[in-house]
Amino acid sequence: EAGVVQSPRYKIIEKKQPVAFWCNPISGHNTLYWYRQNLGQGPELLIRYENEEAVDDSQLPKDRFSAERLKGVDSTLKIQPAELGDSAVYLCASSSGTGSAEAFFGQGTRLTVV
Amino acid sequence: GNSVTQMEGPVTLSEEAFLTINCTYTATGYPSLFWYVQYPGEGLQLLLKATKADDKGSNKGFEATYRKETTSFHLEKGSVQVSDSAVYFCALIPLLYAGKSTFGDGTTLTVKP
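Protein sequence lines, in the order shown, are assigned to chains A and B. So in the numbering used here, the last one in the first sequence is 104, and the numbering has no gaps at all. So in the numbering used here, the last one in the second sequence is 104, and the numbering has no gaps at all.
Right, here's the structure in full:
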């Protein structure tokens, strides 16, 4: 069974440029998460989807971040424009349910804004 | 709000040594508790979990017991191996806010031969 797939693995951009990350969750997983992990810290939830609906986006900086999950499968996270402080690893995870259901993580996209 | 506090690292041990990584939490109600492991260059993987008080999660020789009275979920292993070198994250999911997980800052473990 394929795991959560993210691309790209690494991205270096100049500040003020846009950037997008893509995530393909495990087949059949209705719940999809985007996390941001700063260096030396644990992941912080940005947004959670149940199918195609964003049910928790309270931590998403909506002035520059956007996300979509068309058809309730793949998801894209976008930053426009990027700032130096956005440098981090962006993790996507999926699970078959909420509550205590295990979340499976992708390898992440390491973003460097210069 | 919810929070997870892990012992600060890095932790360096010799092979076959005993491992303890402390984790305490603050949450409303009775959350589910998790330990995730992140090997170099890889994503987070669930190591073990416990969903109610006094439950013991175990996997690959690692154990952690959900202690409601001390709000703790310490990770232990009796004999570590070089291959256990990784970053370990303690996390919780609150009962009332399913899916809104909170992670600790991680503890880096290095095991030397």
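Every residue gets a Cβ at the ideal spot worked out from N, C-alpha and C, and that includes glycine. This structure is a prediction, so every number in the text was calculated from the model and none was measured.
* Cβ-Cβ separation, A/Gly96 to B/Phe94 (assumed contact under 8 Å), whole Å -> Contact doesn't hold; Cβ gap of about 16 Å is too wide.
* Scan the segment 21 to 34 of chain A for residues whose Cβ lies nearer than 9 Å to a Cβ of chain B and list them as they occur along the chain. => The segment 21 to 34 of chain A vs chain B, Cβ under 9 Å: Thr21, Tyr23, Tyr25, Gln27, Gly30, Gln31, Gly32, Pro33, Glu34.
* To do: With DSSP as the reference, please indicate the residues paired to B/Lys68 in a beta bridge.
  => DSSP output for B/Lys68 lists B/Leu10, B/Phe53 as bridge partner(s).
* **Chain-ordered neighbours of B/Leu39 on chain C, where CB pairs are closer than 7 Å** => Considering every chain present, this structure includes no chain C. Its protein chains are A and B.
* **Secondary structure of A/Val(-6), DSSP reduced to three states** => In the structure shown, A/Val(-6) sits in coil (DSSP, three-state: anything other than H, G, I, E or B).
* To do: May I have the straight-line CA-CA distance separating A/Ser48 from A/Leu36, to the nearest angstrom?
  => Each residue's CA atom was taken as its position, placing A/Ser48 and A/Leu36 some 7 Å apart.
* Can you list the residues of chain B that A/Phe55 reaches, using a CB-CB cut of under 7 Å? -> Under the 7 Å cutoff, chain B gives no residues; its nearest Cβ is about 18 Å from A/Phe55.
* Is the segment 62 to 75 of chain B in contact with the segment 5 to 18 of chain B, if contact means three or more CB pairs nearer than 8 Å? -> Contact between the segment 62 to 75 of chain B and the segment 5 to 18 of chain B is present, because at least three Cβ pairs lie under 8 Å.
* Close Cβ partners of B/Leu37 (< 7 Å) along its chain, the five nearest in sequence each way excluded -> Around B/Leu37: Phe25, Tyr27.
* To do: Taking all protein chains shown into account, decide if A/Ile2 is buried (16 or more other Cβ within 10 angstroms of its Cβ) or exposed.
  => Residue burial annotation: A/Ile2 is exposed, with fewer than 16 other C-beta atoms found within 10 angstroms of its C-beta.
* Exposed unless 16 or more other CB atoms sit within 10 angstroms - verdict on A/Tyr0 -> A/Tyr0 should be labelled exposed.
* **Helix, strand or coil at A/Lys1 [DSSP, three-state]** => For A/Lys1, the three-state secondary structure derived from DSSP is strand.
* Quick one: which residues of the segment 48 to 59 of chain B get their C-beta closer than 7 Å to a C-beta of chain A? List them in chain order. => Within the segment 48 to 59 of chain B, no residue has its Cβ closer than 7 Å to any Cβ of chain A.
* Asked: Looking at chain B, which residues of the segment 56 to 67 of chain A have a Cβ within less than 9 Å of any of its Cβ atoms?
  -> Under the 9 Å Cβ criterion, the segment 56 to 67 of chain A contributes no residue.
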